Amino acid sequence: MTTPVTKVVIPAAGLGTRFLPATKAMPKEMLPVVDKPAIQYVVEEAVDAGLVDVLVVTGRNKHALANHFDRVTELEQALELKGDGHRLKMVHASTGLAEMHYVRQGDPKGLGHAVLRAKMHVGHQPFAVMLGDDLIDARDTLLTKMLEVQEH
1 MTTPVTKVVI PAAGLGTRFL PATKAMPKEM LPVVDKPAIQ YVVEEAVDAG LVDVLVVTGR
61 NKHALANHFD RVTELEQALE LKGDGHRLKM VHASTGLAEM HYVRQGDPKG LGHAVLRAKM
121 HVGHQPFAVM LGDDLIDARD TLLTKMLEVQ EH
């Protein structure tokens, strides 16, 4: 029997040039898709497939990625005091999704190099790679199916 896959690497260190000027000051993975940033959909897909250990490979000016998944107790308290349960629920949905880790790709040398930056985190364990700006229809369970094939 093979080792179950629990880790996912999400390269998110690119320059975002295809989405300029929107990405000049904001990582492309943080661009909103309806009511959430793109990367949140990617992490939710990974978690839905059973991947609980997420490593995001970041780059220059990508602090917003880690900030998005961090808890902000002051914001939560303010929403609670206002009785804004709807927004509080949305904030909670972006934190605690998975065990989040970050490593920086100092020099953007491409996708392969970004994945290589995950070597220390994943070690010799199997892992999935998902792109931080590549959205898949949630009704398509392709990732889950791939993980099932790998495990059998």
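Residues in the sequence shown are numbered from 1 upward in steps of one, following the UniProt record's numbering.
Cβ atoms here follow ideal geometry from the backbone N, Cα and C, with glycine treated the same way.
Computed from a predicted structure; not experimentally measured.
Discussion item. Can you tell me which residues form a DSSP beta bridge with R104?
Written reply: T58
Worksheet item: How many Å lie between E29 and R18 at the Cα?
Response: The alpha-carbon of E29 is positioned some 12 Å away from that of R18.
Discussion item. Whole angstroms are fine: how far does the CA of T3 sit from the CA of Y102?
Written reply: Distance between the alpha carbons of Y102 and T3 is about 23 Å.
Practice prompt. Assign P32 to buried or exposed, taking buried as 16 or more other Cβ atoms, counted over all protein chains shown, within 10 Å of its Cβ.
Written response: exposed
Worksheet item: According to the neighbour-count rule (16 or more other Cβ atoms, all chains shown, within 10 Å of its Cβ), is M130 buried or exposed?
Response: buried
Worksheet item: Would L51 pass as a contact of K7 if the rule is Cβ separation under 8 Å?
Response: yes
Worksheet item: Which residues bound the alpha helix (DSSP H) around I39?
Response: 38-48
Worksheet item: What first and last residue would you give for the alpha helix (DSSP H) that runs through V91?
Response: 85-93
Item to complete: With a 10 Å radius around its C-beta and 16 neighbouring C-beta atoms as the bar for buried, classify T58 as buried or exposed.
Response: buried
Worksheet item: Taking just the CA atoms, how far does G123 sit from L97?
Response: 22 Å
Discussion item. Counting C-beta neighbours from all protein chains within 10 Å, is the total for K62 16 or more, i.e. buried, or is it exposed?
Written reply: Buried, by the Cβ-count rule.
Worksheet item: In angstroms, rounded to a whole number, what distance separates the CA positions of K89 and G83?
Response: A straight line joining the alpha-carbon of K89 with that of G83 spans about 11 Å.
Worksheet item: CB-CB under 7 Å to R104, same chain, minus the five flanking residues each way: which ones, in chain order?
Response: T58, G59
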